[in-house]
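A.B. asks: Numbering follows the working numbering, in which position 89 of the sequence shown is assigned residue number 367; successive positions increment by one, without gaps. Even glycine gets a Cβ: it sits at the ideal position worked out from N, Cα and C. Please read all numbers here as calculations on a predicted model, not as lab measurements. The structure that follows is given in the form of structure tokens.
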Amino acid sequence: MSKNQTACCPDCGSRISFKKFVMLNNFSATNCECCNARIEISNRDKNAIMAGISGFISAASIIMGPFIGERSIQSWQAGLLGGICFATILVLYICRYAYRNSELNRICST
Ligand SMILES: [Zn+2]
């Protein structure tokens, strides 16, 4: 069993899709596609810190983008676009990292 390599259902071991995992990060819990078990992330605090840092950096890059664009290529629009692209890539990268490193727990609803 390849535990913690990718996000897997702790109950039946089936892989949790990346899309589902992103939803799991934004909401509190999700259901397994195979066995319908309720799943949550057990190391949410670490993910919340990473999300906070990546959010701050991406916000900063969107704010700084127009300034850098204006100064380097005389186009704040292009700079803004670059900043948004950078922010998107960063957030996706952080999500992928969290996807591979998160520990999932089954919620016992009894
Ligand atoms: Zn399952």
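If you drop the 5 nearest sequence neighbours on each side, which residues of the same chain put their C-beta closer than 7 Å to that of residue 377?
C.D. replies: If we look at residue 377 and ignore the five residues flanking it on each side, its Cβ neighbours are 284, 285, 296, 299.
A.B. asks: Considering only heavy atoms of ligand 1, list every residue whose Cβ is less than 6 Å from one of them, following chain order.
C.D. replies: The answer, residue by residue, is 287, 289, 290, 292, 310, 312, 313, 315.
A.B. asks: Measuring straight from C-alpha to C-alpha, what distance separates residue 375 and residue 362?
C.D. replies: Roughly 20 Å between the two C-alpha positions.
A.B. asks: Excluding the five sequence neighbours on either side, which residues of its own chain have a C-beta within less than 8 Å of the C-beta of residue 341, listed in chain order?
C.D. replies: Result list for residue 341: 361, in chain order.
A.B. asks: In this structure, does DSSP put residue 383 in helix, strand or coil?
C.D. replies: Note: residue 383 maps to strand in three-state DSSP.
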